[in-house]
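Numbering (my numbering), first residue to last: 4 to 309.
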């Protein structure tokens, strides 16, 4: 039995965003995933494991270790790996670099949603945030919209300027409100606890892509933004009752579960789609373990075909 070990650089060389989007669509044609998360801690140090099993695709466990003090050892604070297991006999198929799976899953999740929910003529894309995910978003959205102009806003202007300088047709701004008002697509990848995106800033025809919030008390958009938009998620199972972006306004009666129009499991039925050029669409990227599995299997298949 051969167990594939897939490192970041060599693995990434085999991948493309179009191929990943096709793999994510195909994965949602299979039975709905079984998922489970485990969080362990020792003081500030944490270990998060996310597991998924999709009948016909296999099993995966992705584990991240978060050690904030690693800077004093000149080591990254987040590390980890992903194990892929055979759906046939449960044997280990591959060990994949954690960063590779996370990068492609996170950006690919948003990219597939934008492909279906954003206007085809989108020419102005705002990325809010300038961290690792923002760099991936610039790469991914740049593939889907090669003629678009990009604007970066970040709490630290230096971070926005650095990301802008590293990419063509990209500039930095310190005026978030003006940038939101002028963008066709607004993609938000921050660690904010309180909303940054205001509903009063949104314009007809926009697509809003929310990525950063992942705990029950985090939000990136305010109540009015959710009320003005048609709402979509990658998975109802991993977002509605788990992430503050939806959990808080649902609990307060600002929106109802009926306002969540579709998730990726509605792709084949056509429900996950923009209906007009004027509507505002809003997508919550929850990034569940089932998407890690779909992405990991795509990476393994591409690796074997190299």
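Using N, Cα and C, we set each Cβ at its ideal position, and we do this for glycine too. If you're wondering where the values come from, they're calculated on a predicted model, not measured in any experiment.
| Check | Outcome |
| --- | --- |
| List in chain order: all unbroken alpha helix (DSSP H) runs of 4+ residues lying wholly within the region 67-133. | 101-120 |
| Locate the alpha helix (DSSP H) running through residue 164, then write down its first and last residues. | 160-168 |
| On the CB-based measure, 16 or more other CB atoms within 10 Å of its CB, does residue 139 come out buried or exposed? | buried |
| Among 49, 29 and 63, which has the Cα closest to the Cα of residue 37? | 63 |
| Given residue 281, which residues of its chain have a CB within under 8 Å of its CB, disregarding the five upstream and five downstream residues? | 207 and 208 |
| Examine the Cβ distances between the region 182-200 and the region 159-170 and report whether three or more of them are shorter than 8 Å. | no |
| Kindly list the residues whose CB is nearer than 7 Å to the CB of residue 10, restricted to its own chain and excluding five residues on each side of it in sequence; keep chain order. | 100 |
| So what does DSSP say about residue 302, is it helix, strand or coil? | helix |
| Which residues in the same chain have their Cβ closer than 6 Å to the Cβ of residue 220, if we skip the five residues on either side of it in sequence? | 247 |
| Spell out the partners DSSP gives residue 1 in its beta bridges. | This structure leaves residue 1 out entirely; the chain is present only between 4 and 309. |
| Pick out the complete alpha helix (DSSP H) segments inside the region 205-270, 4 residues or longer, and give them in chain order. | 226-231, 239-242 and 247-254 |
| With DSSP collapsed to three states, give me the class of residue 272. | coil |
| Measuring straight from C-alpha to C-alpha, what distance separates residue 266 and residue 5? | 36 Å |
| Residue 139 by DSSP, collapsed to three states: which one? | helix |
| If we count the other Cβ atoms within 10 Å of its Cβ and call it buried at 16 or more, is residue 24 buried or exposed? | buried |
| Buried or exposed for residue 45, going by 16 or more other Cβ atoms inside 10 Å? | exposed |
| Whole angstroms are fine: how far does the CA of residue 288 sit from the CA of residue 66? | 19 Å |
| Taking Cβ positions, are residue 268 and residue 126 nearer each other than 8 Å? | no |
| Helix, strand or coil: which one does DSSP assign to residue 12? | helix |
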